[in-house]
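Just add 15 to wherever you are in the sequence shown, counting from 1, and you've got the numbering used here. All C-beta atoms, glycine included, are put in the ideal place defined by N, C-alpha and C. Worksheet: one structure, shown below.
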Amino acid sequence: MARAQGARARMALAFETTYGTPPGSGYTRMPFASATLGAEQPLLNSELLGYGRDPLAPIKDAVTADGDVVVPIDAEAVGFWLKAAFGAPTTTGSSPGPYTHTFQSGSWTLPSMAIETAMPEVPRYAMYSGVVLDQLSWQMQRSGLLTATARLVAQGETVATTSGAGTPAELVLWDSRLPRQKGAAAQHRKLRGSGGGGVVRSLVLQDRGRV
Numbered sequence: 016m017a018r019a020q021g022a023r024a025r026m027a028l029a030f031e032t033t034y035g036t037p038p039g040s041g042y043t044r045m046p047f048a049s050a051t052l053g054a055e056q057p058l059l060n061s062e063l064l065g066y067g068r069d070p071l072a073p074i075k076d077a078v079t080a081d082g083d084v085v086v087p088i089d090a091e092a093v094g095f096w097l098k099a100a101f102g103a104p105t106t107t108g109s110s111p112g113p114y115t116h117t118f119q120s121g122s123w124t125l126p127s128m129a130i131e132t133a134m135p136e137v138p139r140y141a142m143y144s145g146v147v148l149d150q151l152s153w154q155m156q157r158s159g160l161l162t163a164t165a166r167l168v169a170q171g172e173t174v175a176t177t178s179g180a181g182t183p184a185e186l187v188l189w190d191s192r193l194p195r196q197k198g199a200a201a202q203h204r205k206l207r208g209s210g211g212g213g214v215v216r217s218l219v220l221q222d223r224g225r226v
């Protein structure tokens, strides 16, 4: 078996029409910095007594599929994660742009995703179905690369030697990343006092409350 290399790692994402059913097409290649998304099935030690000093065979526990993905905050790819967290946005504007996408918290209907992580040289293609976003968070500060952490929970994992995502669409990366120094914090008028203060660092967290 070949050894996986991070330089060739791939991730593809598509929103599902039916929960838990990966679509056959419509995937987009997603940029990411790291990923711990995976499935595991722990073994439970037997608690029974009276069968000697040698332990009894362990019992398989439930399969869980979850993990975190660290992604860049840019002008294109981050929209997929915002849609997973808030639902589809309200979009205004006309061709050729600019457009304004407004994401609103509190939606009762939130989409599920199919995500494939690929290590082509192994080859290993892991398709995660029924993926929902549990939390989306990022830090605001004056310097450094701007990234967000998406905490994901999936229905299951299917591993294959060929891709189930086909040829994903590509996103423009070279000019779409957002710089930290352009960020700003706005205070709600009901919380605003007579005086103002400078924000040095803050944490933005959206929790869907699904798990």
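To which residues does DSSP link Asp149 through a beta bridge?
In the DSSP output, where bridge partners are listed per residue, Asp149 has none listed.
C-alpha gap between Thr173 and Thr105, whole angstroms:
34 Å
Nonlocal neighbours in the same chain, by C-beta distance under 6 Å from Val226, ignoring five residues either side
Residue confidence is low: Val226 scores 48 on pLDDT, short of 50, so the model does not pin down where it sits. No coordinate-derived value is stated.
Helix, strand or coil at Phe95 according to DSSP, with G and I counted as helix
helix
For Ala184 and Pro113, the rounded distance between their alpha carbons
22 Å
Cβ contact check for the segment 82-90 and the segment 46-55: 3 or more pairs under 8 Å:
yes
Count the other CB atoms, across all protein chains shown, that sit within 10 Å of the CB of Pro70; report buried if there are 16 or more and exposed otherwise.
exposed
Is it the case that the Cβ atoms of Thr32 and Phe95 are separated by a distance below 8 Å?
no
Note down the Cα distance separating Met128 from Pro38, rounded to an integer number of angstroms.
9 Å
Which listed residue (Val147, Gln221, Lys98 and Arg192) has its alpha carbon closest to that of Gly159:
Arg192
Rounded C-alpha distance that separates Ala180 from Leu218:
34 Å
For Phe30, name the three-state secondary structure that DSSP assigns.
strand
I'd like to check one pair, Tyr143 with Ile130: are the Cβ atoms closer than 8 Å?
yes
Close beta carbons around Ala27, own chain, < 6 Å, minus the five adjacent residues each side
Tyr42, Arg44, Glu131, Ala180 and Pro183
Continuous beta strand (DSSP E) stretch holding Pro87: start and end
Thr79 to Pro87
Return the first residue and the last residue of the beta strand (DSSP E) that Gln221 is part of.
Ser217 to Asp222
Those residues which DSSP pairs with Ala50 across a bridge:
Val84
Look at the Cβ atom of Ser152, then the Cβ atom of Leu220, and state whether they are nearer than 8 Å.
yes
Take Ala17 as the anchor and find which of Arg157, Leu186 and Glu136 has the nearest alpha-carbon.
Glu136
If you count every other CB in all the chains shown that lies within 10 Å of the CB of Pro111, and 16 or more means buried, which is it?
exposed
Residues that Ala129 bridges to, as DSSP identifies them
Ala29
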